[in-house]
Amino acid sequence: EGEQREREAKAAARAERRAANERRSLEQAKDEAAATLKRLRGRSGVSTEERQAAEEAYRRALAAVVAAESGETPEWAPPAEEAADDPAPPSAGAEQADDGAATGAGAAAEAEGEGEAEADGSPDDHAE
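Every position in the sequence shown, counted from 1, becomes a number in our numbering once 12 is added.
In structure tokens form, the structure reads like this:
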């Protein structure tokens with residue numbers, strides 16, 4: 013009986029660590045998408061398509077964070093089919109590294125001002 017409780021406790025601890033890692037991963041993806049969007053908004057000569065793709069990636073990442081926290085997908089979230097068809101976070105991270113933009117903790121710090129979202133899911137860039 014004691015061994016059973018110990019196994020259950022270990023399984024619960026593993027599940028909690030997995031959930032914490034998932035939340036951390038979702039937050040990191042959102043922060044990276046916000047940093048990319050902020051960088052593109054501050055740069056001239058960025059195509060409309062590139063900017064729209066960055067905005068869409070941010071909305072998907074933010075919707076994933078909101079869904080993980082609340083258990084419900086926000087109504088402004090992109091449809092699930094689009095999210096599955098276009099995995100943006102890996103290419104967004106590679107793009108950041110390629111053009112010398114901040115990565116890792118620097119990107120998260122740069123995205124600090126992006127923490128609040130507007131009603132449409134876009135980052136609030138009016139706070140600057």
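Ideal placement from N, C-alpha and C gives every residue a C-beta, glycine not left out.
Just so we're clear, the structure is a prediction, and the values are computed from it rather than from any experiment.
For Val77, the uninterrupted alpha helix (DSSP H) segment begins and ends at Thr60 to Ser82. Judged by beta-carbon spacing, Ala76 lies within the 8 Å limit of Leu38, meaning their Cβ atoms are closer than that value. Taking all protein chains shown into account, Glu44 has 16 or more neighbouring C-beta atoms within 10 Å of its C-beta and is therefore buried. For Glu87, there is no enclosing alpha helix (DSSP H), as DSSP gives it neither H nor E. Proximity to Tyr70 across Ala46, Gly83 and Gly57 peaks at Ala46, based on C-alpha coordinates. Using a Cβ distance threshold of 8 Å, Glu62 and Leu52 count as a contacting pair.
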